Amino acid sequence: MALPTLRIIGFILGIFLITLAISMVIPMLTLLLFERTDDLNAFLWSSLATFIGGLALVIPGRPEHIQLRPRDMYMLTTASWLVVCMFAALPMVLIHHISYTDAFFETMSGITTTGSTVLSGLDHASPGLLMWRSMLQWLGGIGFIGMAVAVLPLLRVGGMRLFQTESSDWSEKALPRSHVVAKSILFVYVGLTFLCTVAFWLSGMTPFEAINHAMTTISTGGYSTSDNSMANFSPAAHWVAIVFMLLGGLPFILMVSTLRGNRYALVKDQQVRGFVAMLGLTCLLFATWLWTHSDYVFLDALRIVSLNVISVVTTTGYALGDYTLWGDFAIMAFFYLTFVGGCSGSTSGGLKIFRFQVAYALLRANLQQLVHPRAVIKQQYNGHNLDEEIVRSILTFSFFFTITIGALALALALLGLDMMTALTSAATAVCNVGPGLGPIVGPAGNFSSLPDAAKWLLSAGMLLGRLEIITVLVLMTPAFWRH
């Protein structure tokens, strides 16, 4: 990679770091509001170190007449997640006095909106730290949406080509279309966060709890201000979380299209219809099963199941009780749900529902071809022809997604983790869900007892999953680094 290109990437990373340093002012103000000035120095020093690091990258300046190519965006995307994570971990080290390994794991989990944690005692933790964790997830959520719209289509893995909406409104703007779309998505993201904050507050949360949970719900991140997660709050708060987790799992670009006058953009989208139908059917069947196998009344069973199921499918990571105590059927069901994910162009991780739908469309077409060998069968999804390039990209991504989980689980087992912990930790990291299964990393536990090597491996798994594998793997090919 040429030196001018690296200078541009460094310049942009410097801007990211300066923005990160300025954003640390918010937890500082939170500490002043709660009169917890003992933790103020941690954010002051962290902000200063981050600002100096960013300034050092910005001072050389941006080379003139040099533009980033599409291939350079892969390098920028991966580097930005890593560099921001390195500096964002500093306040956790200084406040909690934990190892940098734990702080990096917590930060990577936050900024990739995974939600796995090594921290405990959250009910009495520093309000500045709690705010910082929530902010990391909120910033990571909007960052991923931007990447899903701007970068992943270049790799043909994000699926956004299948869900692009037509709008003459955007093309007629003075600004480039991508900038208009980005601003519109940010507007929707902030608006939903505000509405979610108000709803949580009306459900009985304190304003501080409401703000924190709104940021981690819309971003489908799952960090909470309590060790008991959503079990610490009222049933009304549970329904609020269910609604806004579902909204966070929908394509934001279609929400923008809806606000711009295309009222049926979400309703007509095949991915959205399949996603909502799958969640509705799963929640009803699972709630009926829990109702018949427990003392819950049906409405309580539906609420508990809906929160846990939607939390896992949208890769949020909230928990309402320990669902691993419901029996082997529940454990297997939640393990399968870990892989599903939300919609393409949402804040959710996982395989994404559209890949399952495309796989079904291909299976149906192949079965029809076997029955009618001479027929010309049209393969379409969401109004788009499923050409060879789309099918190849979906197969490639799905294969390496599975291989990554398998290899990560094998490496964790090599470090001494039991099969349940190794497999579900790998799956929840790459799918960006949060809690795994079992007594150690399940919804009632956390990742603090894992060895440091396992935490670094899981951090890498979170990054790979959030950036949809191929974005990172392309950097490892010799062809990428040839001039």
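Going by full-length UniProt numbering, the first residue of the sequence shown is number 1, and it counts up by one from there.
Every residue, glycine too, gets a C-beta built ideally from N, C-alpha and C.
Quantities reported herein were computed from a predicted structural model and do not represent experimental measurements.
Looking at the DSSP output, residue 385 sits in a beta bridge with 380. Between the C-alpha atoms of residue 411 and residue 468 there is a straight-line separation of about 20 Å.
The C-alpha of residue 464 is placed about 13 Å away from the C-alpha of residue 75.
Proximity to residue 143 across 185, 64 and 299 peaks at 185, based on C-alpha coordinates. Taking every protein chain shown into account, the CB of residue 423 has 16 or more other CB atoms within 10 angstroms, so this residue is buried.
In this chain, the alpha helix (DSSP H) harbouring residue 478 covers 478-481. Boundaries cannot be given for residue 437, as no alpha helix (DSSP H) includes it and DSSP labels it neither H nor E.
Leaving aside the five residues that flank residue 453 on each side, the residues in its chain whose CB is nearer than 6 Å to its CB run, in chain order, 415. Note that the C-beta distance between residue 303 and residue 213 is not below 8 Å. Annotated three-state conformation of residue 106 is helix, per DSSP. Judged by beta-carbon spacing, residue 84 lies beyond the 8 Å limit of residue 102, meaning their Cβ atoms are not closer than that value. Setting aside the 5 residues that flank it on each side, residue 370 has no residue in the same chain whose C-beta is closer than 8 Å to its C-beta. In the structure shown, residue 98 adopts coil according to DSSP, grouped into three states. Boundaries of the alpha helix (DSSP H) harbouring residue 300: 298-313, taken from the DSSP string. Contact between residue 34 and residue 127 is confirmed by a C-beta separation of about 5 Å, below the 8 Å threshold.
In the three-state reduction of the DSSP assignment, residue 469 falls in the coil class.
About 17 Å separates the beta carbons of residue 55 and residue 8, which is beyond the 8 Å limit, so they are not a contact pair. Burial state of residue 374 is exposed, judged by a 10 Å Cβ sphere holding fewer than 16 other Cβ atoms. A Cβ-Cβ contact shorter than 8 Å links residue 53 with residue 17. For residue 57, the three-state secondary structure derived from DSSP is helix.
By a beta-carbon distance limit of 8 Å, residue 475 does not contact residue 50. Their separation comes to about 24 Å. Using a Cβ distance threshold of 8 Å, residue 445 and residue 114 do not count as a contacting pair.
Residue 345 sits close to residue 145, with the two beta carbons spaced by under 8 Å. The alpha-carbon of residue 441 is positioned some 26 Å away from that of residue 291.
Across the set 270, 300, 271 and 267, the C-alpha of 300 shows the shortest separation from the C-alpha of residue 283.
Taking 8 Å as the cut-off, the Cβ atoms of residue 315 and residue 349 count as close.
Residue environment analysis places residue 96 among the buried positions, since at least 16 neighbouring C-beta atoms fall within 10 angstroms of its C-beta. The shortest CA-to-CA distance from residue 383 to any of 182, 268 and 320 is the one to 268. By alpha-carbon distance to residue 265, the top candidate from 276, 277, 251 and 275 is 251. At a Cβ-Cβ threshold of 8 Å, residue 136 and residue 88 count as neighbours. Taking the C-beta atoms as reference points, residue 324 is found no nearer than 8 Å to residue 431.
DSSP, read as helix, strand or coil, puts residue 430 in helix. Taking a contact as a CB-CB distance under 8 Å, the pair residue 256 and residue 181 counts as one, their CB atoms being some 7 Å apart.
In chain order, 95 place their CB closer than 6 Å to the CB of residue 129, counting only its own chain and leaving out the 5 sequence neighbours on each side. The beta-carbon distance between residue 131 and residue 216, rounded to whole angstroms, is 11 Å. This is too long to meet the 8 Å contact definition.
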